[in-house]
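Participant: Take this structure, written in structure tokens, and hold onto it; I'll ask about it next.
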Amino acid sequence: MAGRVEGKVAFITGAARGQGRSHAVRLAQEGADIIAVDIAESLPGMDRYYHGATEEDLAETVRQVEALDRRIVASKADVRDFDELKAALDEGVAQLGHVDIVSANAGVFAFGDKTQDVSDEEWDLVNDINSKGVWHTAKAAIPHLIEQGTGGSIILTSSTAGLKGTPNVAAYTASKHAVVGIMRTLALELAPYSIRVNSVHPTGVATDMILNEATFRLFMPDREHPTQEEAAEVFATTNALPIPWVEPIDISNAVLFLASDESRYVTGLELKVDAGYTIK
Amino acid sequence: MPGALEGKVAFVTGAARGQGRSHAIRLAQEGADIIAVDIAAQIDTVPYPMSTPEDLAETARQVEALDRRIFTRQADVRDRDALQAAFDAGVAEIGPVDIVLANAGIAPMSMHPDPREWQDVIDVNLTGVYNTVEVAKQSMIDRGQGGAIVLTSSTAGLTGIGGNTPGGLGYTAAKHGVVGLMRSYANYLAQYSIRVNTVHPTGVNTPMVVNDAMQEFIQADPAMGQAMANALPVPLVEPVDISNAILFLVSDAGRYVTGVTLPVDAGFVNKR
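So the protein lines, in turn, are chains A and B. Here the first sequence is numbered in the numbering used here, starting from 51 and rising by one per residue. Here the second sequence is numbered in the numbering used here, starting from 121 and rising by one per residue.
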């Protein structure tokens with residue numbers, strides 16, 4: 051049986067690990083070739099939260115996609131640097147022939163300070179990556195999609211924090227709300243070309259960005275060294291379904307639905323994969 | 121490769137034709153067995169011909185052609201007792217239900233408005249959805265295996281496009297009401313790992329939309345015609361497009377998706 055995205059090429063940012071790697075592998079399982087980018091280095095200002103992805107992580111994504119007999123063009127690129135990002139995408143398109151699916155997934159999570167205490171540096175870092183980086187990703191891909199004239203699907207990774215306020219997480223929450231504005235606008239601008247644009251909104255996902263002591267402490271400020279087991283209990287109270295967090299594959303399955311022709315008339319949608327977090 | 125719904129049983133209302141038949145077939149293609157109900161009769165205020173027993177039999181034929189089992193029963197979603205009896209008989213024959221699709225609906229809009237349209241559309245499109253979940257939910261809870269429920273709303277469940285007729289206003293009110301039901305059920309049933317979501321189609325190529333009365337109704341009001349324009353360059357979507365969205369929601373691919381209003385609307389809602 052043909053894969054659900056057989057013959058398509060997907061451009062994925064933040065593809066070294068976590069959700070991005072999972073998207074690359076899931077789309078490759080269904081027949082897509084991959085153009086993968088990741089900054090693949092630690093960011094000054096983020097180390098106090100969790101460690102960044104590495105070049106070895108990106109190489110592991112390449113290995114896993116190639117093990118599925120799919121092609122992958124991977125480069126180190128920073129979504130904040132439009133020229134660098136565009137060059138990475140253009141090289142991928144030159145090698146793989148086209149691009150049909152865009153997953154603007156790269157993101158960082160900074161948190162813990164009251165809004166009035168967030169530094170300018172942290173605000174800019176988070177918004178430059180999570181919001182401006184998403185715009186850059188779309189900006190690099192749109193000319194290819196329009197010129198090809200075969201439609202396309204752009205999927206922007208937002209968050210439950212793109213739909214709801216989250217105390218002490220101002221920069222991230224603002225950046226993820228901005229993604230919704232980008233999505234809604236692009237959905238209108240690109241509809242005449244049959245290019246669809248949607249956002250996904252995960253609750254907590256079991257990745258390095260969430261499963262770390264600093265994040266656990268956000269939910270349990272009284273504990274100096276909260277464990278994952280303790281965190282799971284507290285996280286579970288935030289979701290309606292009786293689970294603490296979802297797995298990367300759950301977001302990938304939603305991305306796959308939006309990327310495939312099964313959703314050929316779905317555009318402008320905020321698709322929550324949130325275990326009921328936002329309705330609770 | 122096994123289907124995404126191998127071994128599951130789905131209860132589908134309004135299954136004689138249109139979207140309901142498409143859902144039954146799409147789910148059966150992925151391995152599900154089906155309990156199908158439909159009124160298969162006319163309601164006075166509905167200006168287009170409703171489904172027939174022959175339509176329901178055709179759904180059964182198409183599901184059986186896929187080597188899946190199907191139980192069919194003529195039942196009106198407004199009649200709780202009849203619907204419960206149909207559900208119970210279906211479970212007795214096919215097995216316990218994992219998936220519920222509250223799809224049955226009417227669109228009593230025409231150039232000759234009738235005051236009774238309001239009550240009829242509220243009864244079918246809102247109370248009928250409530251009845252559908254109510255007849256199924258206890259058996260799903262008791263079984264303890266979770267499950268997935270999808271309520272069919274509409275773009276008219278998210279936007280005020282009811283116009284100025286009893287049927288149009290009632291349709292919009294009922295489809296908005298379905299969202300409130302969904303959100304409440306999603307919260308209550310989450311503890312049992314039963315997920316509840318809505319789908320919101322734009323115009324779908326079915327007999328409910330593609331008929332003289334509906335086309336006359338839409339074209340008579342320029343604002344309505346404008347309002348019906350999608351963002352993507354397609355006038356109507358096909359039933360299978362709604363079925364594919366439902367398949368995602370009810371399969372394990374959507375195992376942590378609950379409380380979602382999922383438009384399959386070619387960008388209609390975002391454009392307004």
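Ideal placement from N, C-alpha and C gives every residue a C-beta, glycine not left out. Being a predicted model, the structure only gives us computed values, none of them experimental.
Residue range of the beta strand (DSSP E) that Gly202 of chain A falls in?
Facilitator: Gly202 to Thr207
Participant: So what does DSSP say about Asn262 of chain A, is it helix, strand or coil?
Facilitator: coil
Participant: For Arg54 of chain A, return the contacting residues in chain B, with the cut-off set at a CB-CB distance below 7 Å.
Facilitator: Those within 7 Å of Arg54 of chain A in chain B number zero; the least Cβ separation is about 10 Å.
Participant: Tell me, please, whether the region 364–377 of chain B touches the region 245–263 of chain B by the rule of three or more beta-carbon pairs shorter than 8 Å.
Facilitator: no
Participant: If you measure from the beta carbon of Ile260 of chain A to each beta carbon in chain B, is any gap under 8 Å?
Facilitator: no
Participant: Runs of 3 residues minimum, wholly inside the region 183–244 of chain A: which ones carry the beta strand (DSSP E) assignment?
Facilitator: Counting only runs that start and end inside the region 183–244 of chain A, the beta strand (DSSP E) elements of at least 3 residues fall at 202–207.
Participant: Compute the Euclidean distance between the alpha carbons of Asp158 of chain B and Leu321 of chain A, then round it to the nearest angstrom.
Facilitator: Taking the straight line joining both Cα atoms gives about 31 Å.
Participant: By the three-class DSSP mapping on this structure, what secondary structure does Asp140 of chain A have?
Facilitator: Helix, per DSSP.
Participant: Confirm, please, whether the CB-CB distance from His143 of chain B to Leu221 of chain B is below 8 Å.
Facilitator: yes
Participant: Here's a check: name, in chain order, each residue in its chain whose Cβ is nearer than 8 Å to the Cβ of Arg146 of chain B, leaving out the five neighbours to either side.
Facilitator: Cβ within range, chain order: Val360, Ser363, Asn364, Ile366 and Leu367.
Participant: Please determine, among A:Ile196, A:Gly183, A:Leu240 and A:Thr265, the residue with the shortest C-alpha to C-alpha distance to Ala228 of chain A.
Facilitator: A:Gly183
Participant: Using a threshold of 8 Å, state whether the C-beta atoms of Pro292 of chain A and Gln311 of chain B are closer than that.
Facilitator: yes
Participant: Does the pairing of the region 294–303 of chain A with the region 174–188 of chain A give three or more beta-carbon distances under 8 Å?
Facilitator: The region 294–303 of chain A is not in contact with the region 174–188 of chain A.
Participant: Is DSSP giving Thr292 of chain B helix, strand or coil here?
Facilitator: helix
Participant: Which residue marks the beginning of the beta strand (DSSP E) containing Phe368 of chain B, and which one marks its end?
Facilitator: Not the beta strand (DSSP E): Phe368 of chain B falls in the alpha helix (DSSP H), residues Pro359 to Val370.
Participant: Is any beta-carbon of chain A found at less than 8 Å from that of Gly264 of chain B?
Facilitator: It does not: the Cβ of Gly264 of chain B has no partner Cβ on chain A nearer than 8 Å.
Participant: Does DSSP classify Gly267 of chain B as helix, strand or coil?
Facilitator: strand
Participant: At what residue ranges does the region 205–279 of chain B contain a whole run of the beta strand (DSSP E), taking only runs of 3 or more?
Facilitator: 219–222 and 267–272
Participant: Distance check for Thr111 of chain A and Arg71 of chain A, CA to CA, integer angstroms please.
Facilitator: Distance between the alpha carbons of Arg71 of chain A and Thr111 of chain A: 6 Å.
Participant: With DSSP as the reference, label Asp163 of chain A as helix, strand or coil.
Facilitator: coil
Participant: Could you check the C-alpha separation between Asn330 of chain A and Ala78 of chain A for me, to the nearest Å?
Facilitator: Position check: residue 330 of chain A holds Lys in this sequence, whereas Asn was assumed. For Lys330 of chain A and Ala78 of chain A, the distance between alpha carbons rounds to 35 Å.
Participant: Does any residue of chain A have a CB that is nearer than 8 Å to the CB of Pro359 of chain B?
Facilitator: No - not a single Cβ of chain A is within 8 Å of the one on Pro359 of chain B.
Participant: What residue range is occupied by the uninterrupted beta strand (DSSP E) comprising Ile151 of chain A?
Facilitator: Ile151 to Ala154
Participant: Taking Cβ-Cβ distances shorter than 8 Å, what residues in chain B pair up with Ile49 of chain A?
Facilitator: Missing from the structure shown is residue 49 of chain A; chain A here goes from 51 to 330 and no further.
Participant: Look at the alpha carbon of Phe131 of chain B and the alpha carbon of Asn331 of chain B, and state the distance between them as a whole number of angstroms.
Facilitator: 27 Å
Participant: Tell me, please, which residues DSSP counts as bridged to Ile84 of chain A.
Facilitator: A:Ala60 and A:Ile122
Participant: So, are the CB atoms of Leu139 of chain A and Asp83 of chain A less than 8 Å apart?
Facilitator: Going by beta carbons, Leu139 of chain A and Asp83 of chain A fall outside the 8 Å limit.
Participant: What's the call for Lys257 of chain B, buried or exposed, on a 16-neighbour Cβ count within 10 Å?
Facilitator: buried
Participant: Since Met392 of chain B meets chain A, which of its residues come closer than 9 Å, beta carbon to beta carbon?
Facilitator: The sequence shown places Arg at residue 392 of chain B, not Met. For Arg392 of chain B, no chain A residue has a C-beta closer than 9 Å to its own C-beta; the minimum C-beta separation is roughly 10 Å.
Participant: Roughly how many angstroms separate the alpha carbons of Asn289 of chain A and Ser313 of chain B, rounded to a whole number?
Facilitator: 11 Å
Participant: Between A:Thr235, A:Thr257 and A:Glu172, which has its C-alpha nearest Tyr222 of chain A's C-alpha?
Facilitator: A:Glu172
Participant: Roughly how many angstroms lie between the CA atoms of Ile89 of chain A and Glu280 of chain A, to the nearest whole one?
Facilitator: Each residue's alpha carbon lies about 32 Å from the other.
Participant: Quick one: residues in its chain with C-beta nearer than 6 Å to the C-beta of Asn251 of chain B, no 5 flanking neighbours on either side, listed in chain order?
Facilitator: Close CB contacts of Asn251 of chain B within its chain, under the 6 Å cut and outside five residues either way in sequence, are with Val197, Arg200 and Leu203 (chain order).
Participant: Between the alpha carbons of Asp153 of chain B and Glu106 of chain A, how many angstroms are there, rounded?
Facilitator: 47 Å
Participant: Would you say Gly70 of chain A lies against chain B (beta-carbon separation less than 8 Å)?
Facilitator: no
Participant: Among the candidates B:Pro122, B:Leu309, B:Thr272 and B:Ala306, whose CA atom is the shortest distance from the CA of Thr292 of chain B?
Facilitator: B:Thr272
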